[in-house]
Amino acid sequence: MDTKPSDGEVKRRRRRTGERSGRGLTTASSFLQHQGVSKFAPLVLGAAAVLYVVASGGWIYHAATQTGGLPRGLSKTDTRYILGTPGNEGASQWVYERGASTMVFNYNDREQAESILCYAKGTNGGACPAFLGVGINTTEDAIWTMMGAPDAQKYYGDTKVIAYSGLGVQFTLERFAVKGIAFIPVSRPDLTIFQAGRLMLP
Numbered sequence: 000m001d002t003k004p005s006d007g008e009v010k011r012r013r014r015r016t017g018e019r020s021g022r023g024l025t026t027a028s029s030f031l032q033h034q035g036v037s038k039f040a041p042l043v044l045g046a047a048a049v050l051y052v053v054a055s056g057g058w059i060y061h062a063a064t065q066t067g068g069l070p071r072g073l074s075k076t077d078t079r080y081i082l083g084t085p086g087n088e089g090a091s092q093w094v095y096e097r098g099a100s101t102m103v104f105n106y107n108d109r110e111q112a113e114s115i116l117c118y119a120k121g122t123n124g125g126a127c128p129a130f131l132g133v134g135i136n137t138t139e140d141a142i143w144t145m146m147g148a149p150d151a152q153k154y155y156g157d158t159k160v161i162a163y164s165g166l167g168v169q170f171t172l173e174r175f176a177v178k179g180i181a182f183i184p185v186s187r188p189d190l191t192i193f194q195a196g197r198l199m200l201p
């Protein structure tokens with residue numbers, strides 16, 4: 000027995016399906032065009048944008064002021080209390096050998112850590128604290144995509160150092176991959192908002 004629907008039945012089904020679909024679209028369109036919704040939609044979107052900027056700003060500020068839980072400006076007394084006695088203790092520089100990494104603290108005249116460098120000895124991606132997602136083994140292309148162009152680049156033999164002075168961070172690269180991260184004083188405050196804004200872009 001032939002159970003294939005007739006042409007007329009097929010057309011009626013298509014017509015009924017189209018009518019239901021049309022009603023759904025009309026209902027959604029009417030809801031979006033409702034006076035109450037259209038009135039508050041800009042406010043909701045604006046509040047979401049402000050929340051995103053504030054949250055992102057806090058995220059960036061936290062990363063720019065601390066490295067691995069160690070705040071910039073850490074005193075020698077606190078450094079010793081947290082990390083113990085350094086392997087190499089100079090007047091202005093302390094060096095810690097931490098298994099997979101080397102950490103170098105440079106102190107100012109007030110005996111506060113002015114810069115903190117972490118350098119990986121091998122390929123362990125967790126050897127040093129990451130900066131906003133940029134860590135050991137992150138590629139140079141990925142840094143540029145995420146943070147934009149650095150404001151300074153220098154070559155030292157087979158290594159390259161790129162700096163984002165508005166955020167107070169430098170990355171040491173070997174063969175296009177991060178091998179060291181240095182947290183340094185912000186020397187270009189005029190670039191801070193620009194470089195932070197670049198990080199907020201999706």
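Note that numbering that gives the first Met the number 0 numbers the sequence shown so that position 111 is 110, with each residue one more than the last.
Ideal Cβ placement from N, Cα and C applies to all residues, glycine included.
Beta carbon of R187, beta carbon of G165: below 9 Å? The answer is yes: Cβ separation under 9 Å.
Report the CB separation of A119 from I135 in whole angstroms; it is logged as a contact under 8 Å. 5 Å
*Shortest alpha-carbon distance to T76 belongs to which of T101, A112, V103 and Y95?*
Closest option to T76, Cα to Cα, is A112.
| field | Collapsed DSSP secondary structure at E110 in the structure displayed | value | coil
Rounded C-alpha distance that separates L200 from M145: 8 Å
- Message: Shorter than 8 Å, the distance from the beta carbon of R197 to the closest heavy atom of the ligand FAD, or not?
- Response: For the structure depicted, the ligand FAD is absent and the ligand set is empty, with no information on it obtainable.
Worksheet entry | Residue(s) in a DSSP beta bridge with Y133 | Checking the displayed sequence, the identity of residue 133 turns out to be Val instead of Tyr. In DSSP, V133 forms a bridge with F130.
Pick from D189, L69 and F193 that is closest to P128, judged by C-alpha positions
L69
Q. Would K142 pass as a contact of I161 if the rule is Cβ separation under 9 Å?
A. Note on identity: in this sequence residue 142 is Ile, with Lys being the wrong assignment. Cβ distance < 9 Å, so I142 and I161 count as in contact.
| message | Strictly by DSSP, which residues pair up with L116? | response | V103 and A181
Selection from K178, E139 and R174 that minimises the alpha carbon distance to G124 = The residue with the shortest Cα to Cα distance from G124 is K178.
Helix, strand or coil for L69 per DSSP? strand
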